[in-house]
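Peer 1:
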Amino acid sequence: IEPGYDADIAIIDPRRTVKVDWKKLQSRCDWNPWQGQELGGFAHTTLCRGETLVKAHRFVGPRGHGKLIARTLPRD
Numbered sequence: 001i002e003p004g005y006d007a008d009i010a011i012i013d014p015r016r017t018v019k020v021d022w023k024k025l026q027s028r029c030d031w032n033p034w035q036g037q038e039l040g041g042f043a044h045t046t047l048c049r050g051e052t053l054v055k056a057h058r059f060v061g062p063r064g065h066g067k068l069i070a071r072t073l074p075r076d
């Protein structure tokens, strides 16, 4: 990490597990393929460009922080 460079960092808690419940996810989708399963390895803290987005496993970033990157299909 150096001044002038992006500081995108994720600090992962490999021991924490969470039972997936689509109702608690920050998504507009009303289902999840992992519904009911125990998953592990969640971000404890996430920094994007030096700004904290996740702290103590909770999203604390501003609404609309992300940037849409349009998908393109490869040309044959």
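For the sequence shown, position 30 matches number 30 in our numbering, and the numbering has no gaps at all.
The beta-carbon is built from N, C-alpha and C at its ideal position, and this holds for glycine as well.
Since the model is a prediction, treat every value here as computed from it, not as a measurement.
Over the uninterrupted beta strand (DSSP E) stretch that includes His-44, give me the two end residues.
Peer 2: 38–48
Peer 1: Let me check understanding here. Comparing Cα to Cα, which of Thr-17, Ala-7 and Glu-2 lies closest to Thr-52?
Peer 2: Ala-7
Peer 1: Ala-10 bridges to which residues according to DSSP?
Peer 2: Thr-46
Peer 1: Please classify Lys-67: does DSSP put it in a helix, a strand, or coil?
Peer 2: coil
Peer 1: Looking at the strands, I want to know which residues DSSP matches up with Gln-51.
Peer 2: Per the sequence shown, residue 51 should be read as Glu rather than Gln. Answer is Cys-48.
Peer 1: Can Gln-35 and Val-54 be called in contact, C-beta distance under 8 Å?
Peer 2: no
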